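> Pasting a structure here, questions to come.
In the numbering used here, the protein residues as written are -2 to 245.
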């Protein structure tokens, strides 16, 4: 059952830990094992990895969804702390990679990771953080029908024309536009105070995973390896749906 309280809940904290592990696993598969190119032969060999990635691909979206459901409140101390943490890790990690692997070390990029998009998530999250009060106020003033209408329009631009044609520079969901959509979707679910069945939600999450894997199989079967990026896009409707059901 979805709670409206902003008090920290152990189940949500546990979900954050699980999501962190999912993100690590996802990056190990994508960057370590290098998923793709997708074809029948590669699918036959890599299907366990592809299936596992279908289970964890929604992890980043779910982090955003949690922020949206409970709402972001700007606090100067928290904002400064977040910026300092991002800069610290940018400088340290850049320097470590330079020492161990000889990677070029650009001090400007290290000191300004948000402006230079050193990490796409940090840049987009900071922009969302600053927009959050405006979004929160808008959600509070709109009624449920108005908000649903706006979400339907944003869904089309983000998940249909955005996913298929890159409308509004949605960049497969690696964008501020997708962050705003997820945030507002979560705020909407908080506003309507739905109480879905956990068992049904778990089954629907599993169905999304199987559909994602089925699309990968179809793409490999008909020789459409380029579909891999679209299927695992963060603004794929199935990825967003699995995020919602996992959160529930």
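The C-beta atom is built at its ideal place from N, Cα and C for all residues, glycine as well. If you're wondering where the values come from, they're calculated on a predicted model, not measured in any experiment.
Sorted by chain position, which residues of the same chain lie with C-beta nearer than 6 angstroms to residue 54's C-beta, five sequence neighbours on each side aside?
The count along the chain shown starts at 1 and reaches residue 54 at position 57. Within the same chain, residue 54 has close Cβ partners 229 and 236.
> When DSSP labels each residue in this structure, what does residue 109 get in the three-state scheme?
On the chain shown, residue 109 is found 112 positions in, with the first residue counted as 1. Coil.
> If you count every other CB in all the chains shown that lies within 10 Å of the CB of residue 58, and 16 or more means buried, which is it?
If you number the chain shown from 1, residue 58 lands on position 61. With 16 or more Cβ atoms within 10 Å of its Cβ, residue 58 is classed as buried.
> Give the secondary structure of residue 70 by DSSP, where H, G and I count as helix, E and B as strand, and everything else as coil.
What you label residue 70 is simply residue 73 of the chain shown in a count that begins at 1. Reduced to three states, the DSSP call for residue 70 is coil.
> Could you pull out every unbroken alpha helix (DSSP H) segment of at least 4 residues lying fully inside the stretch 121 to 179, listed in chain order?
Segments of the alpha helix (DSSP H) lying fully in the stretch 121 to 179: 141 to 152 and 158 to 162.
> Please state whether DSSP places residue -1 in a helix, a strand or coil.
For the purposes of this step, residue -1 is taken as residue 2 along the chain shown, with counting starting at 1. In this prediction, residue -1 scores a pLDDT of 44, lower than 50, which makes its location untrustworthy; the coordinate-derived value is nonetheless stated afterwards. If DSSP states are grouped into helix, strand and coil, residue -1 belongs with coil.
> Residue 118: which of 175, 150, 96 and 148 sits nearest, CA to CA?
In the chain shown, counting from the first residue as 1, residue 118 sits at position 121. When each option's Cα is compared against that of residue 118, the closest is 175.
> Under DSSP, the alpha helix (DSSP H) around residue 230 begins and ends at which residues?
For the purposes of this step, residue 230 is taken as the residue at position 233 of the chain shown. Premise fails: residue 230 is in no alpha helix (DSSP H) and is neither H nor E.
> Roughly how many angstroms lie between the CA atoms of residue 104 and residue 81, to the nearest whole one?
What you label residue 104 is simply residue 107 of the chain shown in a count that begins at 1. What you label residue 81 is simply residue 84 of the chain shown in a count that begins at 1. When rounded, the distance between both Cα atoms is 15 angstroms.
> On the DSSP letters alone, give me the boundaries of the alpha helix (DSSP H) that residue 8 sits inside.
Residue 8 sits at position 11 when you count from the first residue of the chain shown. Residue 8 -> alpha helix (DSSP H) spans 7 to 24.
> Touch check for the stretch 152 to 164 and the stretch 211 to 223: three-plus C-beta pairs under 8 angstroms?
They do not touch, by the three-pair rule.
> Can you tell me whether residue 1 is buried or exposed, with buried defined as 16 or more other CB within 10 angstroms of its CB?
Looking up residue 1 in the chain shown gives position 4. Because the pLDDT of residue 1 is 48, which lies under 50, any placement of that residue in the model is unreliable, and the question is left without a value.
> Compare the C-alpha of residue 126 against each of 224, 240 and 72 and name the closest.
One-based indexing of the chain shown puts residue 126 at position 129. Ranking the options by Cα distance to residue 126, first place goes to 72.
> Report the CB separation of residue 50 from residue 23 in whole angstroms; it is logged as a contact under 8 angstroms.
Here the question's residue 50 lines up with position 53 in the chain shown. Here the question's residue 23 lines up with position 26 in the chain shown. Contact holds; Cβ gap of about 6 angstroms.
> If you draw a straight line from the alpha carbon of residue 187 to that of residue 180, how long is it in whole angstroms?
Numbered from its first residue, the chain shown carries residue 187 at position 190. Numbered from its first residue, the chain shown carries residue 180 at position 183. If I take the Cα positions, the gap works out to 11 angstroms.
> Am I right that residue 131 and residue 185 are in contact with their C-beta atoms under 8 angstroms? What's the rounded C-beta distance?
The residue labelled residue 131 in the question sits at position 134 within the chain shown. The residue labelled residue 185 in the question sits at position 188 within the chain shown. Not a contact, Cβ separation roughly 16 angstroms.
> Among 67, 138 and 173, which has the Cα closest to the Cα of residue 154?
Taking the first residue of the chain shown as 1, we reach residue 154 at position 157. Checked all of 67, 138 and 173; the closest Cα to residue 154 is 173.
> Taking the continuous alpha helix (DSSP H) assigned at residue 206, which residues delimit it?
Here residue 206 refers to the residue found at position 209 of the chain shown. First-last of the alpha helix (DSSP H) with residue 206: 195 to 218.
> Report the rounded CA-to-CA distance for residue -1 versus residue 182, giving the unit in angstroms.
Taking the first residue of the chain shown as 1, we reach residue -1 at position 2. Taking the first residue of the chain shown as 1, we reach residue 182 at position 185. A caution first: residue -1 carries a pLDDT of 44, below 50, which makes its placement in the model too unreliable to give a value.
> Should residue 65 go down as buried or exposed, given a rule of 16 or more other Cβ atoms within 10 Å for buried?
For the purposes of this step, residue 65 is identified with residue 68 of the chain shown, where counting begins at 1. Under this definition residue 65 is a buried residue.
> Using C-beta distances below 6 angstroms, list every residue in its chain close to residue 20, excluding the 5 sequence neighbours before and after it, in chain order.
Along the chain shown, one-based indexing puts residue 20 at 23. Excluding residues within five positions, the ones whose Cβ falls inside 6 angstroms are 56.
> Does the Cβ of residue 110 have 16 or more other Cβ atoms within 10 Å, making it buried, or fewer, making it exposed?
Residue mapping note: residue 110 aligns to position 113 of the chain shown, counting from 1. Buried, since its Cβ has 16 or more Cβ neighbours within 10 Å.
> May I ask you to report which of helix, strand or coil DSSP gives residue 188?
Within the chain shown, residue 188 is the residue found at index 191, counting from 1. In this structure, residue 188 counts as helix in the three-state DSSP scheme.
> According to DSSP, is residue 99 helix, strand or coil?
Stepping through the chain shown from its first residue, residue 99 is reached at position 102. In this structure, residue 99 counts as coil in the three-state DSSP scheme.
> Helix or strand or just coil, what does DSSP make of residue 47?
Residue mapping note: residue 47 aligns to position 50 of the chain shown, counting from 1. DSSP places residue 47 in helix when its eight states are reduced to three.
> Under a Cβ-count criterion, where at least 16 other Cβ atoms within 10 Å of its own Cβ denotes burial, should residue 17 be classed as buried or exposed?
Counted from its first residue, the chain shown places residue 17 at position 20. So residue 17 counts as exposed.
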